[in-house]
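In UniProt numbering, the protein residues as written are 1 to 388.
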Amino acid sequence: MMLWDRRFVAYAFICLYLLLLLSSCSTDIRELNQVSIVMATGIDWDQDTNKHQITVYTLQPTSKGTNATQQDSLNEWLGSATGNSIMESAQHLRFRASKKLFWFHNRIFIISRDAARHSMPEIIDFLQRNREIRSTSLVLISDVNAEQILKTKPETQDLVVNELFGMIRNQDETGNSLGISVKDLINKDANPTQGYITGRVVTRTPKEKSEPVLALHGSALLQKGTFVNWLSSDETAIVRLLTDPDKDKVQTTFVVKDQEHDFDSITAQVAIKSRKIRSYFVGDQPEMDIYFDFTCIINELKHNQTANQMNIPALEKVIKKSIQQNFQHVITKAQRKVKVDYLEFGNHLYQHHPNKWKQIQPKWNTVFEKMPVHVTVNLTIWNTGNVQ
Numbered sequence: 001m002m003l004w005d006r007r008f009v010a011y012a013f014i015c016l017y018l019l020l021l022l023s024s025c026s027t028d029i030r031e032l033n034q035v036s037i038v039m040a041t042g043i044d045w046d047q048d049t050n051k052h053q054i055t056v057y058t059l060q061p062t063s064k065g066t067n068a069t070q071q072d073s074l075n076e077w078l079g080s081a082t083g084n085s086i087m088e089s090a091q092h093l094r095f096r097a098s099k100k101l102f103w104f105h106n107r108i109f110i111i112s113r114d115a116a117r118h119s120m121p122e123i124i125d126f127l128q129r130n131r132e133i134r135s136t137s138l139v140l141i142s143d144v145n146a147e148q149i150l151k152t153k154p155e156t157q158d159l160v161v162n163e164l165f166g167m168i169r170n171q172d173e174t175g176n177s178l179g180i181s182v183k184d185l186i187n188k189d190a191n192p193t194q195g196y197i198t199g200r201v202v203t204r205t206p207k208e209k210s211e212p213v214l215a216l217h218g219s220a221l222l223q224k225g226t227f228v229n230w231l232s233s234d235e236t237a238i239v240r241l242l243t244d245p246d247k248d249k250v251q252t253t254f255v256v257k258d259q260e261h262d263f264d265s266i267t268a269q270v271a272i273k274s275r276k277i278r279s280y281f282v283g284d285q286p287e288m289d290i291y292f293d294f295t296c297i298i299n300e301l302k303h304n305q306t307a308n309q310m311n312i313p314a315l316e317k318v319i320k321k322s323i324q325q326n327f328q329h330v331i332t333k334a335q336r337k338v339k340v341d342y343l344e345f346g347n348h349l350y351q352h353h354p355n356k357w358k359q360i361q362p363k364w365n366t367v368f369e370k371m372p373v374h375v376t377v378n379l380t381i382w383n384t385g386n387v388q
């Protein structure tokens, strides 16, 4: 277990223990070994039975003497229960648990695709009303049952919740996935004209493994309280470059192939130097200009010359052209195929043209499909790698 994760668990138990001490005058006293800390929660929906299911992954403190290590003093427990509603499922889960369940330290919610498609409004309502649920908990969508995700043995031999949390954190280096918070989920879902994305968690069996392992792969698109579609890792990276509020934090890697300049394959890591979005109206029709200025590092290059010897402007041109095509692909898909504004264009018009937005908001879906969007990309290679 990583040091900071051990400290997090230790601090959680200390805080909970102090909370129990403060309530020592109460008739409802709980000892530390009588509680179960929920660290991850899965929500499923069964179409055949028309019932919801909640699965919790918990850590239970035990007492094994003063010489016991922290790892020995924690028991993992995975429990599930079903019900006619999400709240009823949670209540039935308490019937199975031998210890008091606490959701205060839940870090991740995993929602299956079927549950997200069928009962996302109920799930969001449950997350809003439960006072034990932290608004900073992260949300992922799974293409299999959430229970199956939580049952999958971690590849790193760490706790399941730590492995998933680490994967989400690492996505800032690639931009290929993400995990939005419960608070952001609630706020984004309240906007009927806007779609939004969160990370997609899957199980895979690598060639060198005999059992499935967990992985993040792209993202799930949601709108108006329902699952819409999956986005690939590359598409997710483009959406994050367009919409992530912390643009200095987002970077991604592109693999570019272009035979015109005899470049077999280029692996380039790009970061945003500046991002500008300008919206305006031509008559009653909105239009949008998007300007990106990227810095670029060459991570890998297949070519008959080294990066130091080749024409850097030509290389920049090839990468820039490929990135611009990727942007155009994602925008066209959003407008023509999926027909959902998950690129936050409507929010931009609302902020910069509030009066015009009032006029077009009722017909935004139709306007969005036809809105011209022009993307301009500038790119500067500042590091070609340590090629001798």
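A virtual CB, placed ideally from N, CA and C, is assigned to each residue, including glycine.
Report, in whole angstroms, the separation of the C-beta atoms of I54 and A97, which I expect to be a contact under 8 Å.
-> Position 54 of the sequence shown holds residue 54. Position 97 of the sequence shown holds residue 97. The C-beta distance from I54 to A97 rounds to 11 Å, too long to meet the 8 Å contact threshold.
Should the segment 265-274 be called in touch with the segment 190-209, which here means at least 3 C-beta pairs below 8 Å?
-> no
Simplified DSSP state of N347, which is helix, strand or coil = In the sequence shown, counting from the first residue as 1, residue 347 sits at position 347. The answer is helix: DSSP assigns N347 an H, G or I state.
Touching or not, the segment 207-214 and the segment 170-177, by the rule of three or more beta carbon pairs under 8 Å?
-> no
Go ahead and pull the three-state DSSP assignment for N311.
-> Within the sequence shown, residue 311 is the residue found at index 311, counting from 1. In the structure shown, N311 sits in coil (DSSP, three-state: anything other than H, G, I, E or B).
Apart from the five residues on each side of it in sequence, which residues of its chain come closer than 6 Å, Cβ to Cβ, to T376?
-> For the purposes of this step, residue 376 is identified with residue 376 of the sequence shown, where counting begins at 1. Closer than 6 Å at Cβ, skipping near neighbours: Y291.
For M87, the first and last residue of its enclosing alpha helix (DSSP H) | The residue you call residue 87 lines up with position 87 of the sequence shown. Note, M87: alpha helix (DSSP H), I86 to R96.
Where does the unbroken alpha helix (DSSP H) through G166 begin, and where does it stop?
-> One-based indexing of the sequence shown puts residue 166 at position 166. Run containing G166: V160 to N170, per the alpha helix (DSSP H) assignment.
DSSP on V239, reduced to helix/strand/coil?
-> The count along the sequence shown starts at 1 and reaches residue 239 at position 239. Looking at V239 - three-state DSSP - the assignment turns out to be helix.
Contact set for F368: own chain, Cβ-Cβ below 6 Å, skip 5 residues either direction = Looking up residue 368 in the sequence shown gives position 368. Cβ within range, chain order: D341.
Between the CA atoms of T58 and P362 - distance to the nearest angstrom = Here residue 362 refers to the residue found at position 362 when the sequence shown is read from its first residue. Here residue 58 refers to the residue found at position 58 when the sequence shown is read from its first residue. Spanning the two alpha carbons is a distance of roughly 45 Å.
Short Cβ contact (8 Å threshold) for E132 with F102 = Translated into positions along the sequence shown, residue 132 becomes position 132. Translated into positions along the sequence shown, residue 102 becomes position 102. Between E132 and F102, the CB-CB gap stays under 8 Å.
Within the same chain, show all residues whose beta-carbon is closer than 6 Å to that of R278, passing over the 5 residues directly before and after it, in chain order.
-> The residue you call residue 278 lines up with position 278 of the sequence shown. Within the same chain, Cβ atoms closer than 6 Å to the Cβ of R278 are found at D289, the five residues on either side in sequence being excluded.
What residue from V144, D184 and L140 has the CA that sits closest to L164's CA?
-> Here residue 164 refers to the residue found at position 164 when the sequence shown is read from its first residue. Closest option to L164, Cα to Cα, is L140.
May I ask you to report which of helix, strand or coil DSSP gives R131?
-> As a first step, residue 131 must be located in the sequence shown, where it is residue number 131. DSSP places R131 in coil when its eight states are reduced to three.
DSSP beta-bridge partners of H52 | Start at 1 with the first residue of the sequence shown, and residue 52 comes out as number 52. According to DSSP, which records beta bridges pairwise, H52 is partnered with W45 and G83.
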